[in-house]
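Shown next, in the form of structure tokens:
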């Protein structure tokens, strides 16, 4: 289970090297100025790749690791949500929520009917931004593993494969064999994008694109973790 | 199933009286200026209480109902999500998402650890605002029934009852017997608030309050509609 085994242990922060932890400037500010930690307060450190340890906060210095480094296996099977670009600040919100929910791989997609189209420079900046949002959300939700955030890809380039489904009104219920759910733009998938892919429905109501992505992440992780079971 | 039986039929708008439909100013603006409907375009009208009919849009006039009024039963069993007040614009987002997902009753709560506390005037204004958000989201998601949005209530006033559970880390999995999930503030429930209530967990990761509420709404409606099954 991709989560620290300590329920409360103070804030959780990712560092590059657990043996010589160095806080980055944003995290240093967050711990000292926002959370107002005091000297010797408990915290945890992680490398975002399954390893973490307890530590104590030191005012004006880097934290001191205490105790052993614990290794957590990644969630098995890994699950992924892809979502077509949507307007406004909502893609960041989707990345944040999917990370909190325990989704392992997040795939920003450009779809035929995406209202938003990014050029290469914009796509690169946005993926950087998504990575920062995912890192913050993974720390906040106490995950041992950072999710993977992929480069922007055209939805048409995703080939049919076992466990890969497209969310589409009227599709069958999601089940435990599903590993990857792709959510289209507000205007829906085109026939060309749908070719060869099984579809799943996310309920009878019409969901906004970002609600569909969060709903897919909720159901995928709940089925993966055995908190609910497939209906078929 | 609380949703129109017509998949595409143009925009869906609530009116007070289906036989003499009168658009309110916001809806008139939305249809004419935002969606840019043309004369005789298809739309649907609903009363938000299970009744709806097809209609045609008329520029500068009220829409003309066409065809029979269809009556849709409310979802059975009804499901509810309560959520403790949270900072910023997020409560509106929660109300919007719960409505889209098909939740029937939305209960804003004040909790012992709610950072936000509203006086009576502010609470009344906010509930009005929630009602507007729920109405817009119910139209957008093509629901036949408007969800109920209750007045702000202290979480402590909710007495233990069959099917009522509090979301709490480490709680058991949600199952089909659950009808009402209450989600606490970022700081968690106090022991006094937890007294007598069963708890459910929404996964191993630590969820933000608004993510927990949306996750609860997703799982409650998916279990209710039989799209997933209880794990126990």
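Chains as they are written, first to last, in our numbering: chain Z, 18 to 249; chain H, 18 to 249.
By construction, the Cβ of each residue, glycine as well, lies at the ideal position given by its N, Cα and C atoms.
Computed from a predicted model, the values in this text were never measured in an experiment.
Run down chain Z in chain order and give the residues with a C-beta less than 8 Å from the C-beta of residue i.
| i | result |
| --- | --- |
| residue 117 of chain H | 222, 223, 224, 225, 228 |
| residue 157 of chain H | 223, 225 |
| residue 194 of chain H | Ordered by position in chain Z, no residue passes the 8 Å Cβ test against residue 194 of chain H, which lies about 13 Å from the chain. |
| residue 108 of chain H | Near residue 108 of chain H there are no residues of chain Z at all, since even the closest Cβ is about 15 Å away, more than 8 Å. |
Taking a contact to mean a Cβ-Cβ separation below 8 Å, would you say residue i touches residue j in this structure?
| i | j | result |
| --- | --- | --- |
| residue 227 of chain Z | residue 110 of chain Z | yes |
| residue 160 of chain H | residue 19 of chain H | yes |
| residue 185 of chain H | residue 129 of chain H | no |
| residue 231 of chain H | residue 114 of chain H | yes |
| residue 96 of chain H | residue 241 of chain H | yes |
| residue 224 of chain H | residue 141 of chain Z | no |
| residue 125 of chain H | residue 85 of chain H | no |
| residue 151 of chain Z | residue 112 of chain Z | yes |
| residue 245 of chain Z | residue 133 of chain H | no |
Leaving out five residues before and five after residue i in sequence, what residues of the same chain have Cβ atoms less than 6 Å from its Cβ?
| i | result |
| --- | --- |
| residue 9 of chain Z | Examination of residue 9 of chain Z is not possible in this model, given that chain Z is present from 18 through 249 alone. |
| residue 165 of chain Z | 122 |
| residue 54 of chain H | 48, 74 |
| residue 153 of chain Z | none |
| residue 131 of chain H | 101, 102, 202 |
Using a Cβ-Cβ cut-off of 7 Å (strictly less than) and excluding sequence neighbours within five positions of residue i, which residues of its own chain qualify?
| i | result |
| --- | --- |
| residue 118 of chain H | 234, 235, 238 |
| residue 146 of chain H | 109 |
| residue 62 of chain Z | 30, 32, 35, 38, 69, 70, 72, 80, 82 |
| residue 229 of chain Z | 184, 200, 219 |
| residue 187 of chain H | 218 |
| residue 94 of chain H | 196, 241 |
| residue 205 of chain H | 130 |
At a cut-off of 7 Å, is residue i close to the ligand NAP when judged by its beta-carbon and the heavy atoms of the ligand?
| i | result |
| --- | --- |
| residue 139 of chain H | Absent from the structure shown: the ligand NAP. Ligands present: none. |
Suppose the cutoff is 8 Å on Cβ atoms and the five residues either side in sequence are ignored; what does the same chain contact list for residue i look like?
| i | result |
| --- | --- |
| residue 190 of chain Z | 217, 218, 247, 248, 249 |
| residue 135 of chain H | 102, 127, 143, 169 |
| residue 40 of chain Z | 30, 32, 48, 79, 80 |
What does residue i reach in chain H if we use C-beta pairs closer than 8 Å?
| i | result |
| --- | --- |
| residue 18 of chain Z | 221 |
| residue 238 of chain Z | 220 |
| residue 164 of chain Z | Ordered by position in chain H, no residue passes the 8 Å Cβ test against residue 164 of chain Z, which lies about 11 Å from the chain. |
| residue 38 of chain Z | Residues of chain H passing the Cβ test: none, with the nearest at roughly 21 Å. |
| residue 215 of chain Z | What residue 215 of chain Z touches in chain H: nothing, since even the nearest Cβ is about 15 Å away. |
Output the distance between the C-alpha atoms of residue i and residue j, rounded to the nearest integer angstrom.
| i | j | result |
| --- | --- | --- |
| residue 201 of chain Z | residue 183 of chain Z | 8 Å |
| residue 194 of chain H | residue 155 of chain H | 25 Å |
| residue 23 of chain Z | residue 207 of chain H | 20 Å |
| residue 77 of chain Z | residue 177 of chain Z | 52 Å |
| residue 163 of chain H | residue 148 of chain H | 9 Å |
| residue 43 of chain H | residue 120 of chain H | 24 Å |
| residue 174 of chain H | residue 137 of chain H | 17 Å |
| residue 51 of chain H | residue 64 of chain H | 22 Å |
| residue 89 of chain Z | residue 222 of chain H | 13 Å |
| residue 92 of chain Z | residue 116 of chain Z | 13 Å |
| residue 105 of chain Z | residue 107 of chain H | 16 Å |
| residue 67 of chain H | residue 26 of chain Z | 49 Å |
| residue 46 of chain Z | residue 211 of chain Z | 46 Å |
| residue 214 of chain Z | residue 21 of chain Z | 36 Å |
| residue 243 of chain H | residue 56 of chain H | 41 Å |
| residue 171 of chain Z | residue 179 of chain H | 48 Å |
| residue 192 of chain Z | residue 28 of chain Z | 35 Å |
What in chain H is Cβ-close to residue i, meaning under 9 Å?
| i | result |
| --- | --- |
| residue 54 of chain Z | By Cβ distance, chain H contributes nothing, its closest Cβ being about 17 Å from residue 54 of chain Z, past 9 Å. |
| residue 93 of chain Z | By Cβ distance, chain H contributes nothing, its closest Cβ being about 13 Å from residue 93 of chain Z, past 9 Å. |
| residue 50 of chain Z | Here the premise fails: no neighbours, minimum Cβ distance about 18 Å. |
| residue 171 of chain Z | None at all; the shortest Cβ gap to chain H is about 26 Å. |
| residue 80 of chain Z | Per Cβ cutoff of 9 Å: no residues; residue 80 of chain Z is ~20 Å from chain H at best. |
Interface residues of chain H around residue i at Cβ under 7 Å?
| i | result |
| --- | --- |
| residue 32 of chain Z | Neighbours of residue 32 of chain Z on chain H: none; closest Cβ ~19 Å, over 7 Å. |
| residue 243 of chain Z | 248 |
| residue 232 of chain Z | 118, 235 |
| residue 177 of chain Z | None at all; the shortest Cβ gap to chain H is about 23 Å. |
Given that residue i touches chain Z, what residues does it touch there, using C-beta distances under 7 Å?
| i | result |
| --- | --- |
| residue 114 of chain H | 228 |
| residue 202 of chain H | Residues of chain Z passing the Cβ test: none, with the nearest at roughly 15 Å. |
| residue 160 of chain H | 222 |
Find the residues of chain Z that neighbour residue i, judging by a C-beta separation of less than 9 Å, and give them in chain order.
| i | result |
| --- | --- |
| residue 5 of chain H | As displayed, chain H neither begins before 18 nor continues past 249, which places residue 5 of chain H out of reach and without an answer. |
- 4-residue-minimum alpha helix (DSSP H) runs that sit fully inside the stretch 205-248 of chain H, ordered along the chain: Within the stretch 205-248 of chain H, the complete alpha helix (DSSP H) runs of at least 4 residues are 208-211, 226-241.
- Message: If we require 3 or more residues per run, which beta strand (DSSP E) segments fall completely within the stretch 141-203 of chain H?
- Response: As far as the stretch 141-203 of chain H is concerned, its whole beta strand (DSSP E) runs of at least 3 residues are 181-189, 197-200.
- Item | Unbroken stretches of the alpha helix (DSSP H), 4 residues or longer, contained in the stretch 21-60 of chain Z | Counting only runs of 4 or more residues that sit fully inside the stretch 21-60 of chain Z, the alpha helix (DSSP H) segments are 42-46, in chain order.
- Item | Every unbroken alpha helix (DSSP H) inside the stretch 64-120 of chain Z [4 residues or more] | Within the stretch 64-120 of chain Z, the complete alpha helix (DSSP H) runs of at least 4 residues fall at 107-118.
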